[in-house]
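S.K.: The structure follows.
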Amino acid sequence: MPIILLLPVWLLLSGCQPAPGHPLILEPITHFDEALKESSGLIAYQQGFISHNDSGNPAELFMLTPQGDISQRLSVPSPNHDWEAITMHEDTLYIGDIGNNGGRRQDLHILKLQLADNKVELLAKLAISYSEQTRFQPPMHQHNFDAEALTWVDGELWLFTKRWLDANTTLYKVAPNPPLTSASPLTAQQQLAPAMLVTGADFDSHTHTLMLVGYSRNWLHRHAWLWLYPIVQGQVLEEQGQQFKLSEQGQFEGVSLGADGHIYLTREGKGINFFSHSTAVTCPTHFYS
-4 MPIILLLPVW
6 LLLSGCQPAP
16 GHPLILEPIT
26 HFDEALKESS
36 GLIAYQQGFI
46 SHNDSGNPAE
56 LFMLTPQGDI
66 SQRLSVPSPN
76 HDWEAITMHE
86 DTLYIGDIGN
96 NGGRRQDLHI
106 LKLQLADNKV
116 ELLAKLAISY
126 SEQTRFQPPM
136 HQHNFDAEAL
146 TWVDGELWLF
156 TKRWLDANTT
166 LYKVAPNPPL
176 TSASPLTAQQ
186 QLAPAMLVTG
196 ADFDSHTHTL
206 MLVGYSRNWL
216 HRHAWLWLYP
226 IVQGQVLEEQ
236 GQQFKLSEQG
246 QFEGVSLGAD
256 GHIYLTREGK
266 GINFFSHSTA
276 VTCPTHFYS
């Protein structure tokens, strides 16, 4: 019987694409409809995707075709204070209302939602606070407690902060089932140094690979990157991570591994908003002996 070895995504990319540090060529797909002009989260769903807007927009989810067209809009029974991330496990959705540019919010939470029969039901609100945060009136962007990245990893919600002061990111782990009493503040689990403002995350459970997308603080030339990290026993192996500079600049905020094995990304702003990696990350996925 042949032995099948699954190669991690970061090794697959290095075998099929430019070496880390070289531009990762993105294939433009489409400009989103005006209703989704501020897409800030992306998750693969069936053969397509789900996305949403961030603050100042209606509380709704956008069901997307693989081509980025809106096939359906679903109302969510909870306000959109600043939705910045989305992830999913089976038929349960999690939306991170965790945007905190000013560092002053004390109502951060994750929405736990049931998606069934083209309807969205609110199951719970998971309260979020950070044990390290003691100041709630910093100058704008002069703090490390903003967050825009959330993904499901082995039974937990992994939240990655957007650290404005040093362009690092802190990992916090959130239990998906709310406690009977008030939740305790989250404690930092790891700190990574990707040298970018982290804005999106996804996890490939088959290869145990974490994907982080983000961009520089430079407002004039906003370079963007994709990082791939192996996950072993609940830890990010940062020293084995690989960085890929994206061929496009801009405010990239969503990343998801599609059903076809391609990496998909969303970008806010004018022009093309939806991109894919030009080669499936499943190339080549198997070695036989």
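Using the numbering used here, you'd call the opening residue of the sequence shown number -4 and step up by one each time. Note that beta-carbon positions come from the ideal geometry of N, C-alpha and C, so glycine has one too. Quantities reported herein were computed from a predicted structural model and do not represent experimental measurements.
1) To the nearest angstrom, how far is it from the Cα of D86 to the Cα of W220?
2) Give the range of the beta strand (DSSP E) segment to which S35 is assigned.
3) Is it true that the CB of P23 sits closer than 8 Å to the CB of F270?
4) Is V115 closer than 8 Å to P72 when the C-beta atoms are compared?
5) Does L221 come out as helix, strand or coil in the three-state DSSP assignment?
6) Residues bridged to M58 by DSSP?
7) Given this structure, state the Cα-to-Cα distance separating L21 from Q128, to the nearest angstrom.
8) Is the separation between the beta-carbon of A142 and that of N95 shorter than 8 Å?
9) Is the beta carbon of S242 sitting closer than 8 Å to the one on P74?
10) Does DSSP classify L117 as helix, strand or coil?
11) Our contact map puts T261 next to S46 with C-beta atoms below 8 Å; I'd like the distance itself, whole angstroms only.
12) For H136, which residues of its own chain have a beta-carbon under 6 Å away from its beta-carbon, when the five flanking residues on both sides are left out?
13) How many angstroms separate the CA atom of F27 from the CA atom of K265?
14) Counting Cβ pairs closer than 8 Å, one from the segment 178 to 196 and one from the segment 142 to 154, do we hit at least three?
M.R.: Result, derived from the coordinates:
1) One-based indexing of the sequence shown puts residue 86 at position 91. One-based indexing of the sequence shown puts residue 220 at position 225. Rounded to the nearest angstrom, the two C-alpha atoms are 30 Å apart.
2) Locating residue 35 in the sequence shown gives position 40, counting from the first residue. It spans 34 to 40 - the beta strand (DSSP E) in which S35 sits, taken as one unbroken run.
3) Against the sequence shown, residue 270 aligns to sequence position 275. Against the sequence shown, residue 23 aligns to sequence position 28. Taking the C-beta atoms as reference points, P23 is found nearer than 8 Å to F270.
4) Walking along the sequence shown from the start, residue 72 turns up at place 77. Walking along the sequence shown from the start, residue 115 turns up at place 120. It is a contact, given that the beta carbons lie within the stated cut-off.
5) Residue mapping note: residue 221 aligns to position 226 of the sequence shown, counting from 1. It is a strand residue.
6) Numbered from its first residue, the sequence shown carries residue 58 at position 63. Looking at the DSSP assignment, M58 forms a beta bridge with I45, Q67.
7) The count along the sequence shown starts at 1 and reaches residue 21 at position 26. The count along the sequence shown starts at 1 and reaches residue 128 at position 133. For L21 and Q128, the distance between alpha carbons rounds to 37 Å.
8) As a first step, residue 142 is located in the sequence shown; it is residue number 147 there, counting from the start. As a first step, residue 95 is located in the sequence shown; it is residue number 100 there, counting from the start. Contact: yes.
9) In the sequence shown, the residue the question calls residue 242 occupies position 247. In the sequence shown, the residue the question calls residue 74 occupies position 79. It is not a contact, given that the beta carbons lie outside the stated cut-off.
10) Along the sequence shown, one-based indexing puts residue 117 at 122. If DSSP states are grouped into helix, strand and coil, L117 belongs with the strands.
11) If you number the sequence shown from 1, residue 261 lands on position 266. If you number the sequence shown from 1, residue 46 lands on position 51. The Cβ separation is near 6 Å, so the contact holds.
12) In the sequence shown, counting from the first residue as 1, residue 136 sits at position 141. Around H136: W159.
13) Indexing the sequence shown from 1 puts residue 27 at position 32. Indexing the sequence shown from 1 puts residue 265 at position 270. Answer to the nearest angstrom: the Cα atoms are 9 Å apart.
14) yes
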